[in-house]
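Residue numbers (this note's numbering): 7 to 207.
Data first, discussion second: the structure below is written as C-alpha cells.
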Ligand SMILES: Cc1cc2nc3c(=O)[nH]c(=O)nc-3n(C[C@H](O)[C@H](O)[C@H](O)COP(=O)(O)O)c2cc1C
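Here is the structure:
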C-alpha cells in the first residue's frame, strides 16, 4: 500500500504517523499559569534534539479550536518541566489528558504531588523517575486554523533523577520502568508498551 498524504484525512495522518513512529516517549509535562495554578498533561511528540545546549522539543496542538493549558502556561512562564513516570503511573497520566477547567490543579486532581523546582516556575512532580527543568529557548508556530500547533524548544537547566534508577552511574532502562506510546490501535484504544524486552548490540 502507498499513501499520498495530501489525500489523507488529518486524523488519519495523526494516527498513522504516531503508530508508525512508535514507540514514542510518554511524558507528563507540568506547568504553571498566570493564576499560579499548576497543570500537568501527557505529551508524546517530545524529542531530545541537541546536547550542547541540551534541548528537548515538544509539539503542542490545539483542542476544540482553543489553545491547551500547556500552551497558555509556557507562553506565560517561559518554562516547563518534563516528567518521566514509571508504568505504575499510567492511569493518572492518562487521566491528566482529560478536560479540566483552568482553575483545577490537575496534578493534585490525578493524585500526584507538585514540588517547587530549583530554576523554573513550573513545578516538579514528586513521583517522577526523572524530571527535566526546561527554560523556553524557542517557540515555533506551525499550521493554521484547527491544525495550528506550537513547538517549544526547552533548554534543560537541571535534571532530577531518582537514585534507584541508576546502575554504575548510568540510567538503567529496566530500573527506569518507563513506557512507550504506540498510538491508537485497530480497536481505537490508546496502546502503550513497557520497556522490558531489551536487545543489545
Ligand atoms: C499518551 C498521550 C500522548 C499525548 N501527546 C500529545 C502531544 O504530543 N501533543 C499534544 O498536543 N497533545 C498530546 N496529548 C493530548 C494532551 O495530553 C491533551 O490534549 C491534554 O488535555 C492537554 O492538556 P492541557 O490543556 O492541560 O495542556 C497526548 C495524550 C496522551 C494520552
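Backbone N, C-alpha and C define an ideal beta-carbon position, used for all residues, glycine too.
The alpha-carbon of residue 52 is positioned some 15 Å away from that of residue 80. Residue environment: residue 137 is assigned as buried (16 or more neighbouring CB atoms within 10 Å of its CB, all protein chains considered).
Under DSSP, residue 60 shares a beta bridge with 57. Pairing residue 49 with residue 34 gives a Cβ-Cβ distance under 9 Å. Residue 17 counts as exposed, since fewer than 16 other C-beta atoms from the protein chains shown sit within 10 angstroms of its C-beta.
Within the DSSP secondary-structure output, residue 187 pairs in a beta bridge with 30, 198. With respect to the 9 Å criterion, residue 39 and residue 92 are not classified as neighbours on the basis of their beta carbons. Every alpha helix (DSSP H) of 4 residues or more that sits fully in the region 93-132 is shown, in chain order, as 96-101, 112-115. For a cut-off of 8 Å, the C-beta gap from residue 90 to residue 36 is around 12 Å, too long to register as a contact. For a cut-off of 8 Å, the C-beta gap from residue 71 to residue 147 is around 15 Å, too long to register as a contact. Using a Cβ distance threshold of 9 Å, residue 139 and residue 125 count as a contacting pair. Distances from the CA of residue 135 to each of 185, 142, 158 were compared; the closest alpha carbon is that of 185. Residue 77 sits buried, since 16 or more C-beta atoms from the chains shown fall within 10 Å of its C-beta. Under DSSP, residue 166 forms a beta bridge with 137. Per DSSP, residue 80 is one residue of the alpha helix (DSSP H) stretching across 75-83.
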